[in-house]
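Right, one structure below, let's go through it.
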Amino acid sequence: DGHGDEKAPEATRKLSFGAQLMLDTEAKKEVNKQGQKIVYSGWIFKKGRYKKAFKKRFMVLRKNGTMEYYKNEDHSNPLGVIDLMESRVSRARRLDDDYDRSGYFFRIWANDRIYEFRCANTKKRTEWIAEIGHLKALNAGDKMDGSEGLPYPPHGWLEKKGRRKRTYK
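Numbering of the sequence shown is given in the UniProt record's numbering, commencing with residue 1 and proceeding in unit increments.
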C-alpha cells in the first residue's frame, strides 16, 4: 500500500558533518542572550578567585559590554560575568605568584576584584586586550548624549614619569 516506503521529510533527515558544522557556526554567530550579540569569543586561561590555579575557560564578549566565561562552548550556564564598562585592562609580564615564561598575562580590574588571564601567545593577548578596549569605546559612545563612539580604542604616545628625576619627560 506504500505507507512504509515514504522518504523522511527534509527537516528530519540527518545532515552531513559539514552542513551541521556550518549550521552550528552560524548559530553561534547569532547566539544572543537577551538580545546581546557575541562580538568576540575564544579559549583562554583564567586564574581562580580562591583556588589560584589557571583553568581553561571559554570567554565571550557581548555587545552590551560584558565578558562571560564558561566551562565549554555551549554558552548555556556562565560561571561568571564581568562588567567591562567600568573596568580597567592591562597586560602583565607576570602575575605576583605565578612566574611562567610561557605565559602571556593580562588583568581586568572590575566588579571590585582583579581577574587574571593567561593566553597562549602575545598575539592572542593583544587581540583580547584590543577587543575589550574596542567594545568599551563603542559602548561608551552609546551612553553619551547623541555623540558617536570611537571607531577604535584610543592610541598614541604616553609619557612616563622618570624614576630618578621627579619630573615628566
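For glycine and all other residues, C-beta sits at the position ideal for the given N, C-alpha and C. Treat the numbers as computed from the prediction; the structure is a model and nothing was measured.
Quiz item: Given that a residue counts as buried once 16 or more other Cβ atoms are within 10 Å of its Cβ, and exposed if not, what is residue 66?
Solution: buried
Quiz item: Who are residue 115's beta bridge partners in DSSP?
Solution: Answer is 108, bridged to residue 115.
Quiz item: In the DSSP assignment, what are the bridge partners of residue 176?
Solution: In this structure the chain extends from 1 to 169, so residue 176 is not present and cannot be described.
Practice problem: May I have the straight-line CA-CA distance separating residue 156 from residue 126, to the nearest angstrom? | Solution: 16 Å
Practice problem: Figure out for me which residue from 84, 49, 91 has the closest Cα to the Cα of residue 119. | Solution: Answer by Cα proximity: 91.
Self-check item: residue 111 and residue 83 closer than 8 Å at C-beta
Solution: yes
Quiz item: Between residue 80 and chain D, is there a C-beta pair that is closer than 8 Å?
Solution: Given the protein chain composition of this structure (a single chain), no chain D is represented.
Quiz item: In the DSSP assignment, what are the bridge partners of residue 88?
Solution: 109
Quiz item: Taking Cβ positions, are residue 132 and residue 61 nearer each other than 8 Å?
Solution: In contact: residue 132 and residue 61 (Cβ atoms closer than 8 Å).
Exercise. For residue 47, write down the residues that DSSP places opposite it in a beta bridge.
Key: 54
Quiz item: Between 85, 121, 81, 68, which lies nearest to residue 93 when the distance is taken from Cα to Cα?
Solution: 121
Quiz prompt | residue 141 (DSSP reduced to helix, strand or coil) | solution = Note: residue 141 maps to helix in three-state DSSP.
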